[in-house]
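These notes concern the structure reproduced below.
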Amino acid sequence: MNKKLDELEGSDRTLFGWMAAIVLTVAVGFSLFHLYTAGIDMLPRMQQNAVHLAFALTLIFLIFPYKKNLGQKKIPWYDLVLAALGASTGIYILIISEELVGKVGNPNTIDTTMSFVALLLVLEATRRVVGKPLVILATVFMLYAWLGDMYLPDFLGARAILPDAINHFGFTWNEIAEFMYLSNEGIFGTPITVSAQYVFIFILFGAFLEVTGAGKMFIDLAMSLVGSFKGGPAKAAVVSSGLMGSISGSSVANAVTTGTFTIPLMKKTGFRPKVAGGVEVAASSSGQLLPPVMGAAAFIMADFTGIPYLDIVKSAAIPALLSYTAILFMVHLEASKFNLKGIPRKDLVSPFRIFAGRGYLLLPIVAIIILLMLRLTPILASFMAIVGTITIALFSYRMQKNFGAGFLVSLLFTGAAYAAHLLFGLNEYVTYVSAGSLLLAMIWYAMGKKVDTEKQVTFGWKEFLTALELGAKNALSVVAACAAAGILTGVVTMTGLGPILSGLILDLANEQLFLVLLFTMLACIVMGLGLPTTATYIVLAAVMAPALIQLDIPVLAAHLFVFYFGILADDTPPINLPAYATSGIAKSDPIKTGVQGFKFDMGALLLPFAFVMNPMLILQDNTSTWIQIALSIATAFIGIIAWSTFIQSYLFTKFGWMERILAVSAAIVLLNHSLLTDGIGVGLFAIIIAYQWWKKGKKDKTHVETAQENV
Numbered sequence: 140m141n142k143k144l145d146e147l148e149g150s151d152r153t154l155f156g157w158m159a160a161i162v163l164t165v166a167v168g169f170s171l172f173h174l175y176t177a178g179i180d181m182l183p184r185m186q187q188n189a190v191h192l193a194f195a196l197t198l199i200f201l202i203f204p205y206k207k208n209l210g211q212k213k214i215p216w217y218d219l220v221l222a223a224l225g226a227s228t229g230i231y232i233l234i235i236s237e238e239l240v241g242k243v244g245n246p247n248t249i250d251t252t253m254s255f256v257a258l259l260l261v262l263e264a265t266r267r268v269v270g271k272p273l274v275i276l277a278t279v280f281m282l283y284a285w286l287g288d289m290y291l292p293d294f295l296g297a298r299a300i301l302p303d304a305i306n307h308f309g310f311t312w313n314e315i316a317e318f319m320y321l322s323n324e325g326i327f328g329t330p331i332t333v334s335a336q337y338v339f340i341f342i343l344f345g346a347f348l349e350v351t352g353a354g355k356m357f358i359d360l361a362m363s364l365v366g367s368f369k370g371g372p373a374k375a376a377v378v379s380s381g382l383m384g385s386i387s388g389s390s391v392a393n394a395v396t397t398g399t400f401t402i403p404l405m406k407k408t409g410f411r412p413k414v415a416g417g418v419e420v421a422a423s424s425s426g427q428l429l430p431p432v433m434g435a436a437a438f439i440m441a442d443f444t445g446i447p448y449l450d451i452v453k454s455a456a457i458p459a460l461l462s463y464t465a466i467l468f469m470v471h472l473e474a475s476k477f478n479l480k481g482i483p484r485k486d487l488v489s490p491f492r493i494f495a496g497r498g499y500l501l502l503p504i505v506a507i508i509i510l511l512m513l514r515l516t517p518i519l520a521s522f523m524a525i526v527g528t529i530t531i532a533l534f535s536y537r538m539q540k541n542f543g544a545g546f547l548v549s550l551l552f553t554g555a556a557y558a559a560h561l562l563f564g565l566n567e568y569v570t571y572v573s574a575g576s577l578l579l580a581m582i583w584y585a586m587g588k589k590v591d592t593e594k595q596v597t598f599g600w601k602e603f604l605t606a607l608e609l610g611a612k613n614a615l616s617v618v619a620a621c622a623a624a625g626i627l628t629g630v631v632t633m634t635g636l637g638p639i640l641s642g643l644i645l646d647l648a649n650e651q652l653f654l655v656l657l658f659t660m661l662a663c664i665v666m667g668l669g670l671p672t673t674a675t676y677i678v679l680a681a682v683m684a685p686a687l688i689q690l691d692i693p694v695l696a697a698h699l700f701v702f703y704f705g706i707l708a709d710d711t712p713p714i715n716l717p718a719y720a721t722s723g724i725a726k727s728d729p730i731k732t733g734v735q736g737f738k739f740d741m742g743a744l745l746l747p748f749a750f751v752m753n754p755m756l757i758l759q760d761n762t763s764t765w766i767q768i769a770l771s772i773a774t775a776f777i778g779i780i781a782w783s784t785f786i787q788s789y790l791f792t793k794f795g796w797m798e799r800i801l802a803v804s805a806a807i808v809l810l811n812h813s814l815l816t817d818g819i820g821v822g823l824f825a826i827i828i829a830y831q832w833w834k835k836g837k838k839d840k841t842h843v844e845t846a847q848e849n850v
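Residue numbers for the sequence shown follow the numbering used here, beginning at 140 and rising by one.
Quick look at the structure:
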């Protein structure tokens, strides 16, 4: 058996024979364990977390070498030992699970030894999969827990820099290690709990979608819808990355999956390599803001805030769509500046043909939305969606052959109609009639033209095992990040650091809302450099969000604010993991690619400020009517467009200094949702549009006159 692993970030280990079989067995076992616990019977929290982490540590040391570019073709003996030790950390928790409560504060020598083993393995596994920044941050936090009041006040004049408020009594290294391993507040705290209960099963769902061809269908569908427009391939990259990113939960995995197809097309139509890679970076990272998975943050947010998962998903929907609108408009302006065309419509497959031929692949996604609307737990909903995906994949060829594509599409539209009924309260008979009309049109179209099947989906044991293996491997970076982030939250719990830092931020900003938001944004971007979004959000939710909540900002608005800037931090050079992934495909410089990705994400930079000042955007103002909400969305949209033109310095033609000042003024004024400020903001942007239109007309007239003179 030959299995190459270099598709995983940081791994170039190529395995054969029994070593590849071991990796496959562990990965499949990892996924089957989660399928069983999601659909049949979940273990108690600590035991579930222990098995989850043990599988992940074992796989990481089997797959990832201690450094890149070693070109290993077998697993060295020391990594086999580390993998065995990783497995033992979970087995030991299972053995002592009944005595675990009494162990905290009263451990024996074996407990302490295993605590240090687990702590060191988590740090090393995180270094291999995620990178050094998170390991360094976790180490700094533990040093803070250890030092306490011993050195901080006087060390290198720290008294003048670090207020006495952050000092504490200090803990021994034994106490720190034991707290992290034996309690449910450290490594096995909220982050790994969410990973073990929710995140893994959704990542596995994404793996099954990819294996059955849904990922490729997303790309083809996006290309067919927007590929012929100006800068079409880049817009298709944004749309398809949003669809994939809402499920995959990983910006790097999303960038690699969709970028493989979209980046070459962008380059072919004239986009510079660094720009093509940057578009994919921004689109892939922002997918983590898009429901239902939201890069695992929705589940962690629900645990931190006590707000139901479904309410978080609903609140995140409008900001996510506005964020993608900003990226799309930034792409449009980029294409306009350089006059980049799309792909000729004759070279694209009709979206109707794609729907008719492969639209049934959307059924599991429609199903999971309906199940969540019916208040099923996310765990059970994702399990049922996986079962549905397997069922559809097994029988899709036979169903197409015997009943035609129309039967499968009818299921899709029926499900979509019922989802509309649940989401918007529309009369279900009206939705069914609408769906039926669309269905008849689709069947009529499919009967007259050959449907686009791309390639008949076949699904057997090979594809089933591939999906299980892929899901386990895709989850490793998330599991490692959550385990390391547990160290950070554990230190915050031990020392009480969170409320202290929140108080310092409030004092520094003199409790002025805009200054607090500005300081929080800067802290989020700096603290999130080089960290995966999930880990960034966990740290920021514990340290920064409380400061916002103390200013009477709604809890959900505060958490979405720090989460959004955690995503932006993931795109901030020089440590920009998605950019390193896309630059390899685009053959561009990773730093320059990261800068471009950051620029495209900047289109929605003011959006979090908008929904903090205007909770209607996240549906947190219960006194508002739907008309008021629609107006607030419209003005936020205009503000985003104005800000995007400021970033790109272009609308119909290049901006001068006056247009840039007007654009940034309009965007800032529209942050504060009121009749007066909205009127001023819309008026300012209307002036920009009129002046740009006149300026472009004058420029075109000059070009025509010059051409005539030359003739």
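Where is the CB? At the ideal position from N, CA and C, for every residue including glycine.
Note that the coordinates shown come from a computational prediction; the quantities given were computed from them, not determined experimentally.
The Cβ atoms of Phe410 and Leu479 sit closer than 8 angstroms to each other. Rounded to whole angstroms, Ile342 and Thr784 show a C-alpha spacing of 36 angstroms. By the criterion of at least three beta-carbon pairs nearer than 8 angstroms, the segment 510-518 is in contact with the segment 437-453. Under the three-state reduction of DSSP, Thr153 is assigned to strand. Beta-bridge pairing by DSSP links Lys793 to Tyr789.
Looking only at Ala392, Phe310, Gly178, the smallest Cα-Cα distance to Ala720 is reached by Ala392. A straight-line Cα-Cα distance of about 22 angstroms links Pro717 and Ile786.
One thing to note: Ile326 has its Cβ no nearer than 8 angstroms to the Cβ of Ala802. About 4 angstroms separates the beta carbon of Ala725 from that of Gly416, a gap short enough to meet the 8 angstroms contact definition. Here the alpha carbons of Pro458 and Ser425 stand approximately 11 angstroms from one another. Take Val165, set aside five residues on each side of it, and the residues of its chain with a beta-carbon closer than 6 angstroms to its own are Thr197, Leu198, in chain order. A distance of 8 angstroms or more separates the beta carbons of Ala376 and Val414.
Under the DSSP assignment, Asn753 falls outside any alpha helix (DSSP H); it carries neither an H nor an E label.
Leaving aside the five residues that flank Phe443 on each side, the residues in its chain whose CB is nearer than 6 angstroms to its CB run, in chain order, Ala680. Annotation for Met281: the continuous alpha helix (DSSP H) segment containing it runs 271-286.
For Lys407, the enclosing alpha helix (DSSP H) covers residues 390-407. Taking a cut-off of 8 angstroms for Cβ pairs, the segment 340-359 and the segment 608-615 touch, as three or more such pairs fall below it.
Annotation for Phe255: Ala316 place their beta carbon closer than 7 angstroms to its own, counting only its chain and skipping 5 residues before and after. Per DSSP, the continuous alpha helix (DSSP H) segment holding Arg184 begins and ends at 184-202.
Taking the C-beta atoms as reference points, Thr672 is found no nearer than 8 angstroms to Gly635. In the structure shown, Lys212 falls within a coil segment according to DSSP collapsed to helix, strand and coil. Taking 8 angstroms as the upper bound for CB-CB distance, Val694 and Ile688 are in contact here, some 6 angstroms apart. Each of Ser334, Leu348, Val665 was checked against the Cα of Arg497, and the nearest Cα belongs to Leu348. The beta carbon of Lys406 sits closer than 8 angstroms to the beta carbons of Pro412, Ala415, Ala725 from its chain, once the five residues preceding and following it are set aside; these are given in chain order. Note that the segment 456-475 touches the segment 755-764; at least 3 beta-carbon pairs, one per stretch, sit closer than 8 angstroms. For Asp710, the secondary structure class from DSSP, reduced to helix, strand or coil, is coil. In this structure, Leu609 and Val350 form a Cβ contact; the two beta carbons are roughly 7 angstroms apart against a cut-off of 8 angstroms.
When the Cα atoms are used, Glu314 and Thr530 turn out to be separated by approximately 50 angstroms. For Asn313, the enclosing alpha helix (DSSP H) covers residues 312-321.
Annotated three-state conformation of Arg514 is coil, per DSSP. In the assembly as shown, Met633 is a buried residue. Its beta-carbon has 16 or more other beta-carbons within 10 Å. Note that the segment 770-783 touches the segment 731-743; at least 3 beta-carbon pairs, one per stretch, sit closer than 8 angstroms. Around the beta carbon of Asp180, fewer than 16 other beta carbons lie within 10 angstroms, which makes this residue exposed.
Taking 8 angstroms as the cut-off, the Cβ atoms of Leu192 and Gly168 do not count as close.
Secondary structure at Phe438: helix, using DSSP grouped into helix, strand and coil.
Classified as buried, Gly352 has 16 or more neighbouring CB atoms from the shown chains inside 10 Å of its CB.
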